[in-house]
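Enquirer: Residue numbers (this note's numbering): 214 to 471.
Cβ atoms here follow ideal geometry from the backbone N, Cα and C, with glycine treated the same way.
This structure is a prediction, so every number in the text was calculated from the model and none was measured.
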Ligand SMILES: [Zn+2]
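Structural data, given as structure tokens:
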């Protein structure tokens, strides 16, 4: 067996033995779907604009036009993107009972669209917008065409205040309820599987570390190294669309193809 096959087989063994396997995903699982990692240097999305100037709560409140102009290409890109074989394989592993939860830093909703159910989006998601005056949440779908095609900003149908996308902006707290459930899963985890995250974004990166401190065995599938590599039992520095479907295949051979 080559290095890749050995790693896949070890990862599959650990997942098969796990009672509470939890997956933690980052931008790297969505790059094969054509969604750029907007934090990484080479995509340039952060280089053009100072993130605090465009992606912050103050930008939304005081310069909404600039905020939504910055957001528009990101929303368009995510909206048109499709889940890839790695997203689908994780969803199938959840259905098979192998994975108990997916914690993601991604706001692109691709895990849900691939069929994952127990998903915790610690940086929020593009699926909904909220009016913070009425405290009512609306599906993004209702506003998407006007926003993308006619450059209209989303206003609350009841009070006409601007709706805030439910993504976590700079200067904002992470969603508390989602965060505490994610923590709960990490405390329970006996295997934590990091997929497509360099674990550079804090405080989200404290979740896998919490699992490791609690005794969970660590698997990492990421192209670049992370600060938790030394704790990992299996390191898989390969493309996620290559690795995750292989692991699923090894684990779910007896399930019906769909
Ligand atoms: Zn309102």
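For residue 249, which residues does DSSP report across the bridge?
Expert: Beta-bridge pairing links residue 249 to no other residue.
Enquirer: Does the distance from the CB of residue 432 to the CB of residue 450 come in under 8 Å?
Expert: no
Enquirer: Drop a sphere of 10 angstroms on the beta-carbon of residue 420, count the other beta-carbons inside from all chains shown, and report buried for 16 or more, exposed for fewer.
Expert: Buried, because 16 or more other Cβ atoms sit within 10 Å of the Cβ of residue 420.
Enquirer: Going by the C-beta, is residue 394 closer than 7 Å to any heavy atom of ligand 1?
Expert: no
Enquirer: Here's a check: name, in chain order, each residue in its chain whose Cβ is nearer than 7 Å to the Cβ of residue 392, leaving out the five neighbours to either side.
Expert: 335
Enquirer: Hey, would you say the C-beta of residue 236 is under 7 Å away from at least one heavy atom of ligand 1?
Expert: no
Enquirer: Spatial neighbours of residue 248 within its chain, please: CB distance less than 7 Å, with the 5 preceding and 5 following residues excluded, ordered by chain position.
Expert: These residues qualify, in order along the chain: 290, 291, 294, 321.
Enquirer: Using 8 Å as the threshold, is the C-beta distance between residue 505 and residue 424 below it?
Expert: The chain is shown from 214 up to 471; residue 505 falls before or after that span and cannot be answered.
Enquirer: What would DSSP say about residue 439, mapped onto helix, strand or coil?
Expert: coil
Enquirer: Between the Cα of residue 273 and those of 350, 374, 220, 408, spot the shortest distance and give me the residue it belongs to.
Expert: 374
Enquirer: Just the C-alpha distance for residue 228 and residue 239, rounded to the nearest angstrom, thanks.
Expert: 19 Å
Enquirer: Distance check for residue 337 and residue 349, CA to CA, integer angstroms please.
Expert: 16 Å
Enquirer: Looking only at its chain, what residues have a beta carbon closer than 6 Å to the beta carbon of residue 351, apart from the 5 residues adjacent to it on each side?
Expert: Excluding positions up to five away in sequence, the list reads 342.
Enquirer: By DSSP's criteria, residue 343 is part of a beta bridge. Which residues make up the other side?
Expert: Residue 343 pairs with 350, 377.
Enquirer: Just tell me which of 347, 340, 220 has its CA closest to the CA of residue 355.
Expert: By alpha-carbon distance to residue 355, the top candidate from 347, 340, 220 is 340.
Enquirer: Taking 7 Å as the limit between beta carbons, can you name the residues of its chain near residue 254, skipping five residues before and five after?
Expert: Residue placement at residue 254 cannot be trusted, given a pLDDT of 48 that sits under 50; what the coordinates show is reported in the next sentence. Residues of the same chain with a CB within less than 7 Å of the CB of residue 254, apart from the 5 flanking positions on each side, do not exist.
Enquirer: For ligand 1, enumerate in chain order all residues having a CB closer than 7 Å to any of its heavy atoms.
Expert: 344, 346, 347, 349, 369, 371, 372, 374
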